[in-house]
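Notes to accompany the following structure.
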Amino acid sequence: MNTSEATAIRFLERPEGRISYEVHGSGPLVVAVPGMGDLRASYREVVEPLVEAGHRVVVTDLRSHGDGDTGFTAFGDEATADDLIALIRELGDAPAVLVGNSMGAAAAVIVAAREPGLVAGIVGLGPLLRNPPTSAVMRALMPLLYRGALARPWGARFWGGFYRSLNAGRRAPWLDEHVEAITAMLREPGRLRDFRRLAVALDHDPAERAVAEVRAPMLHIVGSLDPDYRDPAAEAEWLRSHGAEVHEIDEAGHYPHAQRPDRVVPIITRFLVRLRSGSEWRMPRA
1 MNTSEATAIR FLERPEGRIS YEVHGSGPLV VAVPGMGDLR ASYREVVEPL
51 VEAGHRVVVT DLRSHGDGDT GFTAFGDEAT ADDLIALIRE LGDAPAVLVG
101 NSMGAAAAVI VAAREPGLVA GIVGLGPLLR NPPTSAVMRA LMPLLYRGAL
151 ARPWGARFWG GFYRSLNAGR RAPWLDEHVE AITAMLREPG RLRDFRRLAV
201 ALDHDPAERA VAEVRAPMLH IVGSLDPDYR DPAAEAEWLR SHGAEVHEID
251 EAGHYPHAQR PDRVVPIITR FLVRLRSGSE WRMPRA
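Mapped onto full-length UniProt numbering, the consecutive letters of the sequence shown carry residue numbers 1 to 286.
This is the structure in structure tokens:
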């Protein structure tokens, strides 16, 4: 992503530490947030086309990810929503279109429900807006499984392999480099501990409750091979039932923006064009 190479890393100051982000271009604001265990560089195929289309594109990391601080005590969809609200206000360019992958999409939905004046639209990429149907026994076991799988010394390597498996279908030519960057990040002091806390705390019930309250236009893009869905087609229908525009992308798993930018970037660009009114976002009616 050529634009990022010449862009300085900025930091959002939060009560418990700093969160890293980058700013590219000028125009109506787009804020993109990745999913858990990922980096802002996952948007490398998206940033430049959106900048060229006349947008100010901000890509942020999650708490305790990327170049930000460790030591946070709260993690998950709602904590990420708090950070996005703070970031939009710091940037001073509200409203924004929020782009979120996985749990990042859940956070975007929560922001739109809580602070509708800050959000002109939502783009979900492999969105996880509800918990998967599981038994009570499995729900009780999951925290134990995460604590074991993400423990030292194997946790970073385990996540790298799991992340790779979520890229079912076509794979980005830079996937190996990206996975290496993720595992290197998780080997830094404090990061694997905080990532484990995030994995154990993750709960999408707040997003499922919030989605019915969202008035901003929603675009969701679902990979037809996404292993995070029991039935990707059924998940797409559920998203449509909440008034979203939904596209199912073949040969893509959980990261359609990285795996199929040839399909995904034009869809996002067309959606943003419809949301614009000249040089500003057109806000939805209350």
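The beta carbon of each residue, even a glycine, is placed where N, CA and C say it ideally should be.
| Check | Outcome |
| --- | --- |
| Ordered list of alpha helix (DSSP H) runs contained in the segment 168-223, each at least 4 residues | 175-186, 191-201 and 205-211 |
| DSSP-derived helix/strand/coil call for Thr134 | coil |
| Whole-angstrom distance between Val57 and Ala113, CA atom to CA atom | 22 Å |
| Residues of its chain near Thr3, where Cβ-Cβ distance is below 7 Å and the 5 sequence neighbours each way are ignored | At Thr3, the pLDDT of 41 sits below 50, so the modelled position is not reliable; the number obtained from the coordinates is stated separately. Cβ within range, chain order: His24, Val47, Glu48 and Val51. |
| Inter-residue spacing [alpha-carbon to alpha-carbon] between Ala252 and Ala210 | 27 Å |
| Three-state secondary structure assigned by DSSP to Leu29 | strand |
| Cutoff 7 Å; reference Gly76; Cβ partners in own chain excluding five residues on either side | Leu198, Ala201, Leu202 and Asp203 |
| Backbone secondary structure at Thr60 - three-state DSSP | strand |
| Beta-carbon proximity of Ala53 to Val119, cut-off 8 Å | no |
| Which residues DSSP lists as bridging Leu98, in chain order | Val31 and Ile122 |
| Three-state class that DSSP yields for His24 in the structure shown | strand |
| Distance CB(Gln255)-CB(Asn131) smaller than 8 Å | Sequence inspection shows Tyr at residue 255; the Gln mentioned does not correspond to that position. Taking 8 Å as the Cβ cut-off, Tyr255 and Asn131 do not qualify as a contacting pair. |
| Which residues DSSP lists as bridging His247, in chain order | Ile221 |
| Proximal residues to His247 (C-beta, below 6 Å), its chain only, five neighbours per side dropped | Ile221 and Ile267 |
| Whether Gly87 touches Thr70 by CB criterion (8 Å) | Reading the sequence as shown, one finds Leu at residue 87 and not Gly. Cβ atoms of Leu87 and Thr70: not closer than 8 Å. |
| Reduced DSSP secondary structure (H/G/I, E/B, other) of Trp154 | coil |
| C-beta atoms of Trp159 and Leu145 nearer than 8 Å | no |
| Three-state class that DSSP yields for Ser42 in the structure shown | helix |
| When Ala105, Leu125 and Ala94 are compared against Gly117, the one with the closest alpha-carbon | Ala94 |
| Boundaries of the beta strand (DSSP E) in which Ser11 is found, first to last residue | First, the residue type needs correcting, since residue 11 is Phe and not Ser in the sequence shown. Element bounds for Phe11: Arg10 to Arg14. |
| Anticipated Cβ contact below 8 Å, Gly124 with Ala108, distance rounded | 7 Å |
| Reduced DSSP secondary structure (H/G/I, E/B, other) of Arg18 | strand |
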